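Numbers 1 to 109, taken from the UniProt record's numbering, label the letters of the sequence shown in order. For every residue, glycine included, the Cβ atom is placed at its ideal position computed from N, Cα and C. All of these numbers come straight from a predicted model, not from anything done at the bench.
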Amino acid sequence: MEGIPSTADFGVASENCDVPSEISSDDDNLPSTSSSPRFRRREPMVTDHLRNNIGEQTGALKSIVDGLQENIEATKEINTSIQCFCERIKDLIEENKRHHFEMERQEEN
């Protein structure tokens, strides 16, 4: 084996490897057909999987954005209601102060 001596056997003793030195594949036995094109079923490529994944992520993100926009609108409505409530409380406080002031004036008379 060639390469880095300490990693050449990947932790396996070399005498335990019964793999033949030349491994043949089906492609080795085929005659050269460089003049005729090969027609194979197109295997899904990494780019196909990435496109599908990006499409799924885009759909999920659009759904999240729609939900967030709904939440923003609901929050704006709540904020407006809270502001109206605070204004009403301020008005009631002022009314209460005037009322107490009037009561004190009446007691003095």
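Cutoff 8 Å; reference residue i; Cβ partners in own chain excluding five residues on either side
i: Ser-81; result: none
Sequence-distant residues of its chain with Cβ nearer than 7 Å to residue i (five each side left out)
i: Ser-85; result: In the sequence under discussion, the amino acid at residue 85 is Phe, which differs from the Ser named in the question. Nothing meets the Cβ criterion.
Cβ-based neighbour list, residue i, same chain, cut-off 6 Å, excluding 5 preceding and 5 following
i: Ile-64; result: none
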